[in-house]
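Report on the structure given below.
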Amino acid sequence: MKLILAYKFLMYPVARIFRLALLLLVAIVVGCGKPDKKFLIAVSQCSEDVWRDKLNEELKTGEYLNDSIMVKLASSNDDNVLQNKQINQFVDEGVDLLIVSPNQLSAISKAVERAYDRGIPVILYDRKTNSDKYTAFIGCDNYVIGKSMGTFIAQQLHGKGRIVEIRGSEGSSPAIERHRGFMDAVKHYPDIHLVASEGGDWKEESGIKAMKRILQQTQDFDYVFAHNDRLAWGAYMAARQMGVNRNYKYTGVDGMATEGGGLELVRDGVFEASYLYPTKGDEVIALALTILNHQPYQRDNYLSSSIITKANAELTLMEARDAERQTHKLRTLHHQVDKYLSDYNAQKVLLMSLGLFLLVCIIAATLIFRSYIVKTRLNEKLANANDELKRMNEELEDKNDELKRLNDEVMELTHSRLVFFTNISHELRTPLTLIADPVEMLLDDHNIKGRSRELLGMVKRNALALQQLVGSILDFRKIQNGKMTLTLNRFNIVEAMTLWVDDFRLTAERKNIQLHFNTEGFKASPTIIADKEKVARIVFNLLSNALKYTPSGGNIFVSLCDAETPDALRIDVKDTGKGIAREEITQVFERFFQAQGAASGTGIGLALVKSFVELHHGEVWVESESGKGADFIVVLPLTQEGEVEPEESEGNIVVDESSMQYIDDGDKLQGKVQQLVNPDTDRPTLLIIDDNNDIRQYERNLLQDDYFVLEAADGKEGLDVALKEVPDLVVCDVMMPVMDGLEFTERLKTNTATSHIPVIMLTAKNLEEQRAEGYEHGADSYITKPFHSKVLLARINNLLKQRRLLKSLFKDITQADELTIDQSSMDDRDKQFMKQLHHIIQSNLSRSEFGVEDIGREIGLSRVQLYRKVKAMTGSSVVDLMRKARLYKAKRLLESRSMSIAEVAYEVGFSAPSYFTKCFKDEYGMLPGEVG
């Protein structure tokens, strides 16, 4: 890093020179280039002819004379579809202004409207559309042209004669307007007759065809009025081709000064007259610039014109050709100026390039010199850096050796711990045998009945569970030492899986879980070679986990099917439980790992599953998302290499009853039944929450003589029971599925209806930080397992005694003030509740209709929840508290002698003075009139 900084420091002046040179070069290139056009003007011509070619040349000349515009030309050649496409393309390109000469009146209206709606100015030239959406129009008044020509012909015929008309393109505005003006002119001459009118398309060929159709109808006419000179010339040629000897007179429109154009034909006597229709491209450009520069303009701009006859044709032709020569000279001059500017710019660039080349040479020389200096210094620094790297390498090697030594120590320590656990496990087998076997013998004695037999059964189940745990630890140790082997059997996997799954159905039904088993996807031979006992333990472990973490009303799907790999089977155990967090999926098969919020367990069950699967050369993995359940997938080969045991040695594999104690909740409703049977008792109600069925049974047997006992298998179910029943005390485990004890306690203590309920946490977690965490979540007491029944009973009795003391303190809330409430040992939420209750009662004493439902509505509790909470905290019902408060206030009012007995009764909310007198005597032992 230091070398790089040094290099940058040395090269900084050179880099600065390079930047200046680059900026100079950019300035030269930009300065020598042509300026960008400011406005783009697009022109859409309806056709291609001599008249429109002249207009296009005039528009390009306007571009030469105005550096602020660029003209883009397009022609549709009388094709409506093509003209629509061209206009839309111009709009999409974002041109600044659009000049359009429509082919027909309505064919391109939508395209023109689209441009206008996009905010692009539209100039209609020569022709119009049937839409009013355009910016400006420029061109001759075609109606005036038609009317002028009609009047001219009528005058030439002295008001009497026959005329034929050859029209322009059908639907184009010039043809429509010229025909209308012509007809309006001749209708004033009754002896002038229009004997035929045929349509064309503005071209000579269509004029020939139209004239031939007319001559086939009649040859008796005097004048031909064609809508342009090309149509008139076509009519003239048609008459000659058909050999008609009549001396017809021809008139047209345009008066072009080109060779063979209208002016020459009038001059030479071929045409009687032509109406001069000027192109005026310069005026079109001027109008466009006025609009683009936001200057005032007229919307309709009509070009002035006149009729050309033989009398003025020669002069007009001379003027037009003179103007054309001037335009040609101007265009030539423009090209020469462009060439001179191009040569000048090229020379300028060449000179600047030479200067820049010299500058680059100087910079290169400077670079070479400075690079030599930099190279020398860098070499020195590189040598120092290499020495530093060597030193760091040596340090890293020392650290690696230290890490290796520490790793060896950790491995040795881990090995020592495993040996210790293995030895302990071996040692535990003897006392476990001395517990389990005598208990078995006692259970064989049918004289032992009732609670004693129930407790012995509990001892037996937990001794077997401990034996199973010891066996799992020893199996795990064998796997670690590589001493675990497979005892191969040949068996029917479909029948075995059916039997194993059926062993769990009773437990699933008790938990209200639907257990499904499907083998439709298994097409291979059902007979496989594997260690049947280990495959069974794989299935048992996965099913036990699924049942443990699937809530009531859930589903477990077990399937046996062909694996994607050949000669292998696949077992899926999928549940609809809480699922596994994405970050924990890779760790679930590690030994001793327990996921966040896991239920009771050792953390070696899934590690054993993975080890047993790998012994069979198979694979196991899990697919899961939090809140969407988990799918454990096992893939096993259909056969294993090795000696196969005879079938008679397989034995019968069943689910051990002890393995079900953490997932079987069959008896958890017993406490609720007991409470429903005896609703009027004064015994306190306790709620036991634990996912171990035996623990709940033991605690129930311990407590049911003195308390009503409710049960729940996890925190979520326990919270539902607590909100509904509002018990006097809760005994809760910490590690449970669905919702653990910490979350349960926090929710219980933050709910108004249950915040007063004491919670005893009964758990195997005994570290100081774990105790602190329990108290932080609101626990009132913390007892670690294994626990003594006398300790639990004493804690329960003490907490309930504290509640009784609070009851005595608040038995008459009418006399309790806020100071008394603040000085009590209740938590802040319960103090707030008592203050709110006191305030509501005192504020509504005079309202006789105010009752329990009104108080519950203001506090936010149901009638039952309010009754039980107030009863638990004060020992009185809400009705009793309100009556005492009313009577206490009445007594004070009577002592003041300011009101009569009846007035006092109504003031404190009694609707009848007689009932008030009875209640007052019951409360104070005297009549209201005896007060004072």
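Numbering follows the numbering used here, in which position 268 of the sequence shown is assigned residue number 269; successive positions increment by one, without gaps.
Glycine included, C-beta positions come from ideal geometry on N, C-alpha and C.
Predicted model only: the values in this text are computed from it and were never measured.
How many whole angstroms separate the CB atoms of residue i and residue j, which I take to be in contact at a CB cut-off of 8 Å?
i	j	result
E171	G200	5 Å
V879	Y868	6 Å
L489	D446	Wrong, their Cβ atoms sit about 42 Å apart, outside the cutoff.
N85	A112	5 Å
L794	D781	No, L794 and D781 are not in contact; Cβ-Cβ is about 15 Å, not under 8 Å.
Q866	V722	The pair is not a contact, with the Cβ atoms about 13 Å apart (cut-off 8 Å).
Q61	V72	It should be pointed out that residue 61 corresponds to Lys in this sequence rather than to Gln. About 6 Å; that satisfies the 8 Å criterion.
G208	A227	6 Å
A569	P638	5 Å
L74	P103	So it is not a contact: roughly 16 Å between Cβ atoms.
I164	D223	7 Å
F613	K717	Actually they are not in contact, since the Cβ atoms of F613 and K717 sit about 33 Å apart, beyond 8 Å.
F920	R884	With the sequence shown as reference, residue 920 is identified as Cys, and Phe is not the correct amino acid for it. About 6 Å separates the two Cβ atoms, so the contact holds.
Could you give the distance in angstroms between the alpha-carbon of residue i and the alpha-carbon of residue j?
i	j	result
S306	C141	8 Å
I514	T755	30 Å
M243	Q157	26 Å
Y276	L264	10 Å
K349	H336	20 Å
A913	I902	11 Å
F917	F911	6 Å
I449	A608	41 Å
L266	D339	39 Å
D93	D118	13 Å
D344	L351	10 Å
D741	K405	41 Å
Y249	N229	17 Å
V540	I436	29 Å
E591	V623	13 Å
D68	S198	48 Å
Y278	T252	13 Å
Q217	K188	25 Å
G182	N294	36 Å
Buried or exposed: which applies to residue i, given that a residue is buried once 16 or more other Cβ atoms fall within 10 Å of its Cβ?
i	result
G775	buried
R39	Residue identity differs from the one stated: residue 39 is Lys in this sequence, not Arg. The residue is exposed, with fewer than 16 neighbouring Cβ atoms inside 10 Å.
D692	buried
C47	buried
T746	buried
D409	exposed
A285	It should be pointed out that residue 285 corresponds to Val in this sequence rather than to Ala. With 16 or more other Cβ atoms within 10 Å, it is buried.
F358	exposed
L749	buried
Q1	An answer regarding residue 1 cannot be provided, because it is not within the stretch 2 to 933 covered by the chain.
I369	exposed
E273	buried
Q220	exposed
M442	exposed
E395	exposed
G169	buried
K1	Examination of residue 1 is not possible in this model, given that the chain is present from 2 through 933 alone.
Q105	buried
I557	buried
According to DSSP, which residues form a beta bridge with residue i?
i	result
T751	Its beta-bridge partners do not exist; DSSP assigns none.
H295	DSSP, once it has assigned bridges, lists no residue as partnering H295.
C733	I690 and M762
Q46	S76
M243	The partner list for M243 (beta bridge, DSSP) is empty, contrary to what the question assumes.
L637	L570
M71	L41
Y783	M762
W622	I634
> Are three or more beta carbon pairs between the region 751-765 and the region 728-738 nearer than 8 Å?
Replying inline: Taking one beta carbon from each stretch, the region 751-765 and the region 728-738 have 3 or more pairs nearer than 8 Å; the two touch.
>> Whether or not the region 566-584 and the region 627-646 are in contact is what I'm after, with contact meaning three or more pairs of Cβ atoms, one per stretch, closer than 8 Å; do they touch?
In response: With the cut-off at 8 Å, the region 627-646 and the region 566-584 touch.
> When the Cβ atoms of the region 202-214 are set against those of the region 224-241, are three or more pairs found closer than 8 Å?
Replying inline: Yes: at least three Cβ pairs fall under 8 Å.
> Is it true that the region 568-576 meets the region 544-552, where meeting means three or more beta-carbon pairs spaced less than 8 Å apart?
Replying inline: Per the Cβ contact rule, the region 568-576 is in contact with the region 544-552 (3 or more Cβ pairs under 8 Å).
> Quick check: the region 694-701 against the region 833-853, are there 3 or more CB pairs under 8 Å?
Replying inline: Contact between the region 694-701 and the region 833-853 is absent, because fewer than three Cβ pairs lie under 8 Å.
> Do the region 148-168 and the region 131-139 meet, that is, are 3 or more Cβ pairs less than 8 Å apart?
Replying inline: With the cut-off at 8 Å, the region 148-168 and the region 131-139 do not touch.
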